[in-house]
Every structure is written in C-alpha cells, then in structure tokens.
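Heads up: the sequence shown is residues 26 to 290, going by my numbering.
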Amino acid sequence: MTAGISVDLNSDLGEGFGPWSMGDDGAMLDIVSSANLACGFHAGDPVIMTDTAKVAREKGVAIGAHPAFFDLWGFGRRRITGDSPADIEKMVAYQIGALQGVATLAGHRVTHVKPHGALYNMAAADAALAGAIARAIRAVDPGLLFVVLPGSEMERAGHAAGLAVACEVFADRGYLDDGSLAPRGQPGALIHDPEEAAHRTVEMVTAGTVRALSGTMVPVKADTICIHGDSPAAVAMAKAVRSALEEAGVAIRPMHETVGLASSR
C-alpha cells in the first residue's frame, strides 16, 4: 500500500461538434476528477462546452480549458507552423476566455489549462510556443494551473511566468527515452490494453518511472494522469486505472487540490 499519495485523473472531453459526438463523456465524468474541455478550435461548440461543464459540476469534477490550433479538420493533431507565438498567445487566451464564459453560465469555474494535441507536443519542445501559452494563461488568470509534460519547455515556461504547474503523465501513451511521447503512428505509441495501462500508471505514480519503448526506465513526475476520452477503450481503461490506483492506496483528487492550490477565489 502507498499511503499519503494523491493524484488527479484527467480526460479530454467535450470533443464533439454540433450533432457529432466523440466518446462517452457521461461515463468518463463518473470516473475522472478533472476534465479538459475542448474550446471550439479543434472540437467543441458553445452548447457542448456549456452542457459538459454543467454535468462536470453536478458530478464534482474540476474543469480546465483545452486550447488547440485552429484545426477542426485535423482535430488539432496536425502540426501547424505558420502561426507566430504572438498569434498563439492570443488564440490560447481567446479559448480560455470562451470556456470561462460558458462555465460561469453552467455554474462551474475553470481551474486549469492543458494544451491539446499538436500544440501540446510542439510546445513541449519549443520554448517560444511554450512561453506564448504561459503568457496567455497568466494574462487571463494567473491562478490557473498550467498542465505540462514534466521536464519540457512548457514546464520551464510555466515556472518562468510564475504559474503553478501540474506535471502530467499518460496512461495510454508510449514514451521515448527523453520522456517525450512517442509520435502517434509509431508502434507502441498507443496503449489499448486497460490492465497494461493500469500497471504502468501505478508505477509512474508510486515509483516515479515509466518504461520507454526501448525498455529504458525513464523518470517522470505525476501530478495528474491523462486517459484520452476519444478511444473505444477509454471507459474501461479509466475504470482499470482508477481501481488500480485506489488498490495501491493512492487517493484520487482534482489537480488544483493535489498540487496544493485549492482556490479561494
């Protein structure tokens, strides 16, 4: 048993658009402690955003903004290089503000920001992009948590901007030796077996390591664990991960509590 450890379990939700739905958000909101809601640029619309925030409030799940490149066609997973850091800063601030508005309408509040897809992966390695995201968060609300890949440019930018950061690990993704995520499409990049994901997650949280695709053990810091909500096995995986963590004595709490930032706002 592992006493005294708390961790957040998060998922990317609200990723439908109009009549098109993605994943089983209702079931995921029964399992996770935080939800990252699409803000309209890669998925999501005012109705979906508001309704998902309302259900999250009713189920006691914290919510955060999940800003992306303006890329509905590619679901925010295409690498877009034409936007300047100044433009990214504005786009991220816009998306955070949009979710704050509808969250207020739903009686909830935004407590964190986690970039989506290609923006997340590019900012992890690009100091200029990471700095733009951090500046946008600080300008909108310096009390928001910045969800980052540990050891990345995003983590460094968050600290430089005076933001509190939540280091994130992924239950359903493979890792490279440098602690970055294996690119989608590479063998082993996506983990589909719930039991394998659960075992890896407990190791990441309790031992602070993850086995990379090469077999090397890589150090990680886990304030929050992501399970993507758009895969067919998402609900089963989330249940397995939560159950395994609780059996190991790990408490599941929203990330703004696990990093000691219970808001007084």
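Beta carbons are placed, not taken as given, at the ideal position from N, Cα and C, and that holds for glycine.
*Using the Cα positions of G29 and P140, report the straight-line distance between them to the nearest angstrom.*
29 Å
*Report the partner residues of T249 according to the DSSP bridge assignment.*
D33 and E193
*Tell me whether the beta-carbon of G48 lies closer than 9 Å to the beta-carbon of G183.*
no
_Considering only their Cβ atoms, is the gap separating N61 from D137 smaller than 9 Å?_
A small correction: the amino acid at residue 137 is His; Asp does not occupy that position in the sequence shown. Closer than 9 Å, so yes.
*Considering only C-alpha positions, which residue in the set V165, P167 and V172 is nearest to A155?*
V172
*Among A93, E114 and D50, which one has its Cα closest to the Cα of S256?*
D50
*Could you give the DSSP three-state label for L124: helix, strand or coil?*
helix
_Looking at the strands, I want to know which residues DSSP matches up with N61._
D37 and G89
*In whole angstroms, what is the alpha-carbon distance linking D70 and C64?*
7 Å
*Taking 8 Å as the threshold, find out whether the region 144–155 comes into contact with the region 210–226 through three or more Cβ pairs.*
no
*So which of D108, P208, P212 and E193 has the shortest CA-CA distance to G233?*
E193
*Roughly how far, in whole angstroms, is the beta-carbon of G142 from the beta-carbon of H67, given that I think they are within contact range, below 8 Å?*
6 Å
_Spatial neighbours of A237 within its chain, please: C-beta separation below 7 Å, excluding the five flanking residues on both sides._
Y200, L201, D202 and V243
*List the residues that DSSP assigns as beta-bridge partners of I277.*
V32
*Determine the DSSP secondary structure at P257, reduced to helix, strand or coil.*
coil
*asked:* Pull the bridge partners of F42 from the DSSP assignment, please.
replied: W45
*Anyone know if the C-beta pair for R103 and R209 falls short of 9 Å?*
no
_Which residue marks the beginning of the beta strand (DSSP E) containing P244, and which one marks its end?_
M242 to P244
*Who are the Cβ neighbours of A214 in its own chain at under 7 Å, not counting the five residues just before and after it?*
R198, G199, A207 and P208
*Check the DSSP bridge columns for H137 and list the partner residues they point to.*
G89 and L170
*Under the three-state reduction of DSSP, which class applies to L300: helix, strand or coil?*
Look at the range of the chain in this structure, 26 to 290, and you will see that residue 300 is not part of it.
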